[in-house]
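**Q**
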Amino acid sequence: MRPGAWHSMLLTLLLLLNLVRSPAWAQQPVTGLRIVVVEGEGAINNIKQRVNRSPVVRVEDVNGRTVAGAAVVFSLPGQGPSGTFPNGSRTLTTNTDAQGQASAVGIRPNNLSGQLQIRVTASFQGQAASAVITQTNAELAGSSKGLSGTAKVLIVLAIAGGAAAGGVVAATRGGSSSGGGGGGGGGGGTPTVITPGTPSVGGPR
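Going by my numbering, the first residue of the sequence shown is number 24, and it counts up by one from there.
1) What did DSSP end up calling G106 once you bin it into helix, strand or coil?
2) Which of the three DSSP states, helix, strand or coil, is assigned to G137?
3) My guess is that A152 and R57 are in contact by the Cβ rule of under 8 Å, so how many angstroms apart are they, rounded?
4) Taking the DSSP output, what are the residues bridged to L115?
5) From the DSSP output, in three-state form, read off S77 for me.
6) Skipping 5 residues on each side, what residues in its chain have a beta carbon closer than 8 Å to that of P104?
7) What are the boundary residues of the beta strand (DSSP E) that T159 is part of?
8) Cutting at 8 Å between CB atoms, please list the residues of its own chain near P52, excluding the five before and the five after it.
9) Between which residues of its own chain and G106 is the CB-CB distance below 8 Å, once the five residues before and five after are set aside?
10) Going by DSSP, what residues sit across from P132 in a beta bridge?
11) Please report the Cβ distance between A154 and V79, rounded to the nearest whole angstrom; I am assuming they are in contact, meaning their Cβ atoms lie under 8 Å.
12) If we ignore side chains and look at the alpha-carbon of each, how far apart do V85 and P109 end up?
13) Between the Cα of F97 and the Cα atoms of D120, A121, V128, which residue gives the shortest distance?
14) Using three-state DSSP, classify T144 as helix, strand or coil.
15) Can you tell me whether DSSP reads V60 as helix, strand or coil?
16) What's the call for G101, buried or exposed, on a 16-neighbour Cβ count within 10 Å?
17) Assuming Q122 is part of the beta strand (DSSP E), what are its boundary residues?
Following this line, the structure appears as structure tokens:
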């Protein structure tokens, strides 16, 4: 075979390799997903200033490896205490980054006080998982930043109208572990792990 023919064949092979090449994270099949709530659980949203703590989640496979490129959908309640995303909708679709994280930035709470649940779903390579992030809309005179855990419990008790203290403490535990803005859940605390199927909240396994 002529040298020119070998050269042409080599170029063709290289072109084919570039066409079928996939990112490193896509080369390993994913078996099962889970959603880890990194920030936002138990946050107190200030409806006077229309500020909140942005929910952040991390998507992992069953072996604890982060999953980049997963589709993540955040959904706010259609009625009652709720809010809207920057696009004016109650649904936001995004993708996880190289660290497997996705966030819903810029939620504007409405003017109704009470507890709200942000539903999160993730999907990748035919696998799916769901989670619920619980927050509270409250009419505060100033920013909720820096509120103590006890103060947050009292706020939620007033809103819930005498809800069980144990449940309220559990709902606000994430918000009291961080000094971040908006009274939100702590990035420095133990992340909440929620597995597929019926949502369950607990420490990572």
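Note that beta-carbon positions come from the ideal geometry of N, C-alpha and C, so glycine has one too. No experiment lies behind these values; they were computed from the predicted model shown.
**A** With the structure as the only source:
1) On the sequence shown, residue 106 is found 83 positions in, with the first residue counted as 1. Strand, per DSSP.
2) Taking the sequence shown and counting its residues from 1, one reaches residue 137 at position 114. Strand, per DSSP.
3) Taking the first residue of the sequence shown as position 1, residue 152 is located at position 129. Taking the first residue of the sequence shown as position 1, residue 57 is located at position 34. Right, the Cβ-Cβ distance comes to about 5 Å (below 8 Å), so this counts as a contact.
4) Translated into the one-based positions of the sequence shown, residue 115 becomes position 92. Per DSSP, F97.
5) Here residue 77 is taken as the residue at index 54 of the sequence shown, counted from 1. If DSSP states are grouped into helix, strand and coil, S77 belongs with coil.
6) The residue you call residue 104 lines up with position 81 of the sequence shown. Taken in chain order, the residues that qualify are P132, N133, L135, S136, G137, Q138, L139, T159, N160.
7) Sequence index remark: in the sequence shown, residue 159 carries index 136 (1-based). Counting along the chain, the beta strand (DSSP E) containing T159 begins and ends at 150 to 161.
8) On the sequence shown, residue 52 is found 29 positions in, with the first residue counted as 1. Taken in chain order, the residues that qualify are Q148.
9) In the sequence shown, residue 106 corresponds to position 83, counting from 1. Excluding sequence neighbours, G106 sits near N68, N75, L99, R113, I130, R131, P132, N133, L139, N160.
10) Residue numbering aside, residue 132 sits at position 109 when the sequence shown is read from its first letter. Paired residue(s): G106.
11) Locating residue 154 in the sequence shown gives position 131, where the first residue counts as 1. Locating residue 79 in the sequence shown gives position 56, where the first residue counts as 1. At roughly 12 Å, the Cβ-Cβ gap does not stay under 8 Å, so A154 and V79 are not in contact.
12) As a first step, residue 85 must be located in the sequence shown, where it is residue number 62. As a first step, residue 109 must be located in the sequence shown, where it is residue number 86. The alpha-carbon separation between V85 and P109 amounts to approximately 33 Å.
13) Sequence index remark: in the sequence shown, residue 97 carries index 74 (1-based). Closest option to F97, Cα to Cα, is V128.
14) If you number the sequence shown from 1, residue 144 lands on position 121. Strand.
15) Taking the sequence shown and counting its residues from 1, one reaches residue 60 at position 37. Looking at V60 - three-state DSSP - the assignment turns out to be strand.
16) For the purposes of this step, residue 101 is taken as the residue at position 78 of the sequence shown. Exposed, because fewer than 16 other Cβ atoms sit within 10 Å of the Cβ of G101.
17) Taking the sequence shown and counting its residues from 1, one reaches residue 122 at position 99. No beta strand (DSSP E) contains Q122, which DSSP labels as neither H nor E.
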